[in-house]
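The numbering of the sequence shown is our numbering, which starts it at 25 and goes up by one. Below is one structure, written out as structure tokens; the observations come after it.
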Amino acid sequence: MKAAFYSLALSTSFILPLRADLTIVYTTTLQPVTQGPKAQATASLLSATNMTIKVKGDKARIDASPQVTTIFDGRTGELINLLNDQKTVVRISPDK
Numbered sequence: 025m026k027a028a029f030y031s032l033a034l035s036t037s038f039i040l041p042l043r044a045d046l047t048i049v050y051t052t053t054l055q056p057v058t059q060g061p062k063a064q065a066t067a068s069l070l071s072a073t074n075m076t077i078k079v080k081g082d083k084a085r086i087d088a089s090p091q092v093t094t095i096f097d098g099r100t101g102e103l104i105n106l107l108n109d110q111k112t113v114v115r116i117s118p119d120k
């Protein structure tokens with residue numbers, strides 16, 4: 025009886041999909057090419073960019089810059105761009 029219960033519980037755990045939230049933070053640093061042996065990149069010449077991707081269920085939110093936020097709905101295929109500076113919304117349907 026125990027073996028049947030454990031095998032049923034184990035097979036149920038494999039059948040039911042698990043969903044978890046996921047957050048990815050991606051940082052890039054761009055450094056210009058230097059021409060001389062003594063030329064070094066200073067802090068003002070370096071450019072760092074952060075990108076945050078958050079996935080929850082069927083939806084993903086991408087913050088690539090402070091000006092633009094993108095939301096993707098995996099169930100419908102719709103893409104929503106939020107232009108934060110202009111306070112506008114651009115919807116792109118999967119038909120286009």
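Where a beta carbon is used, it is the ideal one built from N, C-alpha and C, also for glycine.
The beta-bridge partner set that DSSP reports for threonine 100 is empty. Apart from sequence neighbours up to five positions away, the residues of its chain that approach glutamine 91 with a beta-carbon distance below 6 Å are Asn108 and Asp109, ordered along the chain. In the DSSP annotation of this structure, the continuous segment of the beta strand (DSSP E) that includes alanine 84 starts and ends at 83–87.
Residue pairing of asparagine 105 in beta bridges, as defined by DSSP: Thr94 and Val114. Leaving aside the five residues that flank aspartate 45 on each side, the residues in its chain whose CB is nearer than 6 Å to its CB run, in chain order, Lys80. For alanine 72, the pairing in a beta bridge is given by DSSP as Thr53.
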